[in-house]
Amino acid sequence: MSGPREPTGPELERMSRGELVDLGNALDGVRVVSDEPAPASVDVRGERRSRRRVTLLLLLSLLCAAAFAWAYLFWPTGYVPAGAPGHTAYLLYTPLLGVTFFGAVGALGAAMILYVRSFYPEEVAVQQLEKGPSAERDRFTAAAALAEAGHSTGFGRRSMIRRLGLTGLGALGILGGLVAVGGLVRDPWKARGDAPLWTTGWKPTGGEPVFLRVATGDPHEIRKLRPEDVEVNGMITVVPFREGERGDVEALHAAEMAPDSPVMLIRLPAGAPVRPAPGRADFGWGDHYAFSKICTHLGCPASLYDAGLQIALCPCHQSQFKISEGARPIFGPAARPLPQLPITVDADGFLVARGDFADPVGPSFWEIRRGRH
Ligand code: FES
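Quick note on numbering: the sequence shown equals residues 1 to 373 in full-length UniProt numbering.
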């Protein structure tokens, strides 16, 4: 099959954009079946209407992007129980991020679709495709075809739309960057020694004792524990409970659902050899020991308890913790012991926490060696 004559380099340089497009079509075996002008180019009022709509959509996209960034950085995110001031704002955080992000992306997409439908010529072309890399002439003609498309849609002339479109794309890029670095903008250490990574719901506040309550998942069921409630070799999952929260379903639910709340209360056999961690000899009570249930590797519940070996196993990556030796890791990827909760028994015989965990709960983080200050 004979094609058009192969043009030389200087000839390519001299050809107009239209000639290059025709040449490209001929060289690529592209046959233009129909070529209708863009709807907006034959209807002046329609063109204005489309331009206005595209502009409005791009403005909406920008507004939503700005609102997303603002909400992501400044909206209060701390848990607020039902009935307390700020609860509605707390509930609205995630929906707000979803709506503004969808608005930014959706409006930008709608603007692009509307622009193409209104300002793009309606061309139908047929091409035989071949395998292999593109020749130099193909690269020239492809670039010309793209430039021609930009010219015929008027994208270069409509500076308002061009600028808004590019700004919208830029805003989307910034949104992506914000999500990536947003966590670094907030200061997790604002509360210093009381920062969330240092403290848990076990921390006593206002002198109120924190009891060990059986985790039942039902905020209406309050079961405080006495030492004799735990069988020898038994393990019970407990969460913090304060008498001031009795009847407060939201507070009880929040205390139970907090990711750093679950604790394994374990009763070793009487006289079992125990090697507590340095400085933690008085953290247990009798044969009872309490350790965070949250694996120090990646935060799975490490609560498969082998009473015979006195080992807690994390099912995620098989880390094992020797309970009788301060829950130190003896196998697997975890590098820190499970944090121990100091416990005692109050005047009525109930088990209570003597304080918060001495170490941060869950996976390690950069500042963990810095310690509280
Ligand atoms: S999360 Fe427990 S071993 Fe990985």
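Glycine included, C-beta positions come from ideal geometry on N, C-alpha and C.
From a predicted model like this one, the values you see are computed outputs, not experimental measurements.
What residue from the options has the CA that sits closest to residue i's CA?
i	options	result
P240	L268, R157, R163 and I343	I343
V30	G170, E123 and W189	E123
L341	G150, F155 and F357	F357
G206	I222, W189 and E243	E243
D306	I266, V274, P276 and F283	I266
A353	A149, G98 and V210	V210
P76	L91, P133, L197 and A135	L91
E250	T8, G83, E221 and E19	G83
R45	S61, S118 and M235	S118
D260	G247, K293 and N233	K293
G355	F283, P301, R369 and A302	F283
V232	Q310, I113, E136 and V80	Q310
L166	A334, F321 and V54	V54
Y335	T94, Q320 and V116	A small correction: the amino acid at residue 335 is Ala; Tyr does not occupy that position in the sequence shown. Ranking T94, Q320 and V116 by Cα distance to A335 puts Q320 first.
L164	A302, Y115 and R14	Y115
V80	I368, G349 and H253	H253
E245	E208, S134 and I236	E208
I161	K190, S61, E136 and A258	S61
E6	E136, P121, R370 and E367	E136
Would you kindly work out how many angstroms separate the C-alpha atoms of residue i and residue j, rounded to a whole number?
i	j	result
G271	D287	8 Å
R186	P278	35 Å
H317	G362	14 Å
E11	R17	12 Å
R280	F102	52 Å
V345	L225	10 Å
residue 452	V263	Lying outside 1 to 373, the shown extent of the chain, residue 452 is not represented and no answer is given.
L169	L56	15 Å
A26	Q128	11 Å
E256	P219	8 Å
D138	V179	40 Å
P329	I323	9 Å
E36	L59	30 Å
G326	R275	7 Å
D228	I222	Looking at the sequence itself, residue 228 is Glu, so the reference to Asp does not match. Computed Cα separation, rounded: 17 Å.
P188	D43	57 Å
G247	V230	25 Å
G234	G308	11 Å
R157	V99	33 Å
E19	S152	15 Å
F155	L63	22 Å
residue 375	P360	Outside the modelled stretch of the chain, which goes from 1 to 373, sits residue 375, for which no answer is possible.
G132	F140	17 Å
S34	D28	17 Å
I113	E148	19 Å
L50	S41	Here residue 50 turns out to be Ser, not Leu, going by the sequence shown. Computed Cα separation, rounded: 11 Å.
residue 384	A258	For the chain, the structure presents residues 1 to 373; residue 384 sits outside this window and is missing.
Y120	R48	15 Å
Since residue i and residue j are thought to touch, with beta carbons under 8 Å apart, how far apart are those beta carbons, to the nearest angstrom?
i	j	result
A125	V32	5 Å
L338	A312	7 Å
P4	L23	7 Å
Y289	L268	7 Å
A104	F74	Incorrect: roughly 17 Å between the Cβ atoms, too far for contact.
K97	A65	The amino acid occupying residue 97 in the given sequence is Leu; Lys does not appear at that position. Contact doesn't hold; Cβ gap of about 12 Å is too wide.
L184	F365	With a Cβ gap of about 13 Å, L184 and F365 do not count as contacting.
- [ ] State whether the segment 82–89 contacts the segment 136–147, with contact taken as three or more CB pairs (one from each stretch) at a distance under 8 Å.
- [x] no
TODO: Report yes or no: do three or more beta-carbon pairs, one from the segment 312–328 and one from the segment 290–300, lie closer than 8 Å?
DONE: yes
Open item on the list: Using a Cβ distance threshold of 8 Å, determine whether the segment 172–183 contacts the segment 193–209, with at least three qualifying pairs required.
Closed with: no
- [ ] Examine the Cβ distances between the segment 211–228 and the segment 107–121 and report whether three or more of them are shorter than 8 Å.
- [x] no
Open item on the list: For a minimum of 4 consecutive residues, which ranges assigned as the alpha helix (DSSP H) are wholly contained in the segment 137–225?
Closed with: 159–185
Open item on the list: So within the UniProt domain "Rieske" (260–352), which uninterrupted beta strand (DSSP E) runs reach at least 3 residues, ignoring any that extend past its ends?
Closed with: 263–267, 288–292, 304–306, 311–313, 320–322, 328–331 and 343–345
Open item on the list: Restricting to runs no shorter than 4 residues, where is the alpha helix (DSSP H) found entirely within the segment 43–128?
Closed with: 44–74 and 87–119
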